[in-house]
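**Q** Residues 245 to 321 in this note's numbering are what the sequence shown lists, from first letter to last.
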Amino acid sequence: MSTNTLSKEAETRLIDFFNHIIDPEDMAKILRQVNCILALGVMRQHETLQIGLTNFEDNYYWVNELAEILNPYLSED
Numbered sequence: 245m246s247t248n249t250l251s252k253e254a255e256t257r258l259i260d261f262f263n264h265i266i267d268p269e270d271m272a273k274i275l276r277q278v279n280c281i282l283a284l285g286v287m288r289q290h291e292t293l294q295i296g297l298t299n300f301e302d303n304y305y306w307v308n309e310l311a312e313i314l315n316p317y318l319s320e321d
């Protein structure tokens, strides 16, 4: 896994986004919902297709990771 650092401008824009536009918990909820809907759509459309399955699984994982960073919902007791 590679580590990339955000530019100061990107960092500032993200902070502004979450401080003024949307609550991180709401964004995490939206990300989880959209991820689930997209996953269901892909599975229904390509039930037997294996093409791109690894890429899809990776993308699903990373969207969930982003949601967890915004709101650690899955790690709560």
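We put the CB at the ideal spot given by N, CA and C, even for glycine.
These numbers were taken from a predicted model, which means no experiment stands behind them.
Can you grab the Cα-Cα spacing for the pair residue 278 / residue 270, in whole Å?
**A** Distance between the alpha carbons of residue 278 and residue 270: 12 Å.
**Q** Rounded to a whole number of angstroms, what is the C-alpha to C-alpha distance between residue 308 and residue 314?
**A** When rounded, the distance between both Cα atoms is 10 Å.
**Q** State the DSSP-derived secondary structure class of residue 275, mapped to helix, strand or coil.
**A** Looking at residue 275 - three-state DSSP - the assignment turns out to be helix.
**Q** Suppose the cutoff is 6 Å on Cβ atoms and the five residues either side in sequence are ignored; what does the same chain contact list for residue 276 look like?
**A** Hits under 6 Å: 311.
**Q** Look at residue 304 and residue 282 and say whether their C-beta atoms are less than 9 Å apart.
**A** Cβ distance < 9 Å, so residue 304 and residue 282 count as in contact.
**Q** What number of angstroms, rounded off, separates the C-alpha of residue 264 from the C-alpha of residue 300?
**A** Their backbone Cα atoms lie some 32 Å apart in a straight line.
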